[in-house]
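See below for the structure under consideration.
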């Protein structure tokens, strides 16, 4: 028969508080673990989303593109809500990338002015931060898609891929969050999701964050964006920011695979959108601190080809300027970037090597 007796020398109140509060060192470390700040980049290319349901590009419609996106966006919101609910203090920011540009759709960071909390007053009983994020993402995504379709219709669209700009803004956003966390780690009222931790009479203080970036991609690589993309990747690598990529539609992208490999992130290509929630929960929801003990899909086929600066094509063998390190797919008398003239002896040697290679291939 079980007994409720307390061991000699231990007060009953202390024993109960130890059971409830978790007095072990491991529990203390778990409670003191730095929260996660996740930046999600949504690729809102209307052409890709409209083609996902077999609609012809000739009849591009903002409403049709958004309807195809709507179910996927609902799944992403479930994932974001789960991320915020995982630990107090965890934050999230969402950027929409389209038409060669990017805009902030929603963030829990306190330095951004918040819009009205909810569009429907009948949902006042809903959890307010979750409702605010839902309203912001749906309304802002619809607005960006409509604007992109208008630019495509009148021919003023610049380019369909805005991931580079979104990635740059995400890194700037993370840097600002980091600076604010350092300057406010002694203030008890600082919280990324505007809630106070009053458990046991103590308030949470943000002493640091585990930063991650998750890219939801639907467009192919743009070779013209190779240099700015690699600059963003190296910046994230230097800051210890993981870049994850979930390829929702289309073929795999070379540059985003390189981003995941160089920043210790994870790349997953969706064969179909039906199992998106399961993939987000199992692959991209775990925080940076527990990823080393989990098994993730291997990345064994990373393509490290670069893009030439003359034609913006991926090259297997290229020629590099020794002054500015620009890459070219063929021989040139001078560099297109820094206008440095190449030595005639070097050009002659390369021409001879090309001639020998042609002879070997033809023979």
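In my numbering, the protein residues as written are 104 to 466.
Ideal Cβ placement from N, Cα and C applies to all residues, glycine included.
Quiz item: Is the CB-CB distance between residue 357 and residue 417 below 8 Å?
Solution: By the CB criterion at 8 Å, residue 357 and residue 417 fall inside the cutoff.
Exercise. Taking residue 177 as part of the alpha helix (DSSP H), name the residues at either end of that continuous run.
Key: Looking at the DSSP string, the run of the alpha helix (DSSP H) that includes residue 177 is 165-189.
Quiz item: Using the rule of at least 16 other Cβ atoms within 10 Å of the residue's Cβ for burial, across every protein chain shown, is residue 185 buried or exposed?
Solution: exposed
Quiz item: Quick one: Cα of residue 379 to Cα of residue 212, how far?
Solution: 27 Å
Self-check item: Contact the segment 141-149 vs the segment 328-342: 3+ CB pairs below 8 Å
Solution: no
Practice problem: Alpha carbon to alpha carbon, how far is residue 338 from residue 279? Give it in angstroms, no decimals. | Solution: 15 Å
Quiz item: By DSSP, does residue 414 sit in helix, in strand, or in coil?
Solution: coil
Quiz item: Where do the N-terminal and C-terminal ends of the beta strand (DSSP E) with residue 320 fall, by residue?
Solution: Segment 313-320, the beta strand (DSSP E) holding residue 320.
Quiz prompt | Three-state secondary structure (DSSP) of residue 206 | solution = Of the three classes helix, strand and coil, the one that applies to residue 206 here is strand, per DSSP.
Quiz item: Straight-line CA distance for residue 374 to residue 171?
Solution: 16 Å
Quiz prompt | Proximity below 8 Å, CB of residue 325 to CB of residue 269 | solution = no
Quiz item: Would you call residue 300 buried or exposed, if buried means 16 or more other Cβ atoms sit within 10 Å of its Cβ?
Solution: Summary for residue 300: the model assigns pLDDT 42, below 50, so the residue's position carries little reliability; its value from the coordinates is reported in the next sentence. Exposed is the call here.
Practice problem: Please state if the CB of residue 434 and the CB of residue 453 are separated by a distance shorter than 8 Å. | Solution: yes
Quiz item: In chain order, what residues of the same chain have a beta carbon less than 8 Å from the beta carbon of residue 439, not counting five sequence neighbours either side?
Solution: 412, 413, 429, 431
Practice problem: Name the two residues that bound the continuous alpha helix (DSSP H) containing residue 275. | Solution: 266-286
Self-check item: Three-way DSSP call (helix, strand, coil) for residue 146 in this model
Solution: strand
Quiz item: So, residue 273 versus residue 316, is the Cβ gap smaller than 8 Å?
Solution: yes
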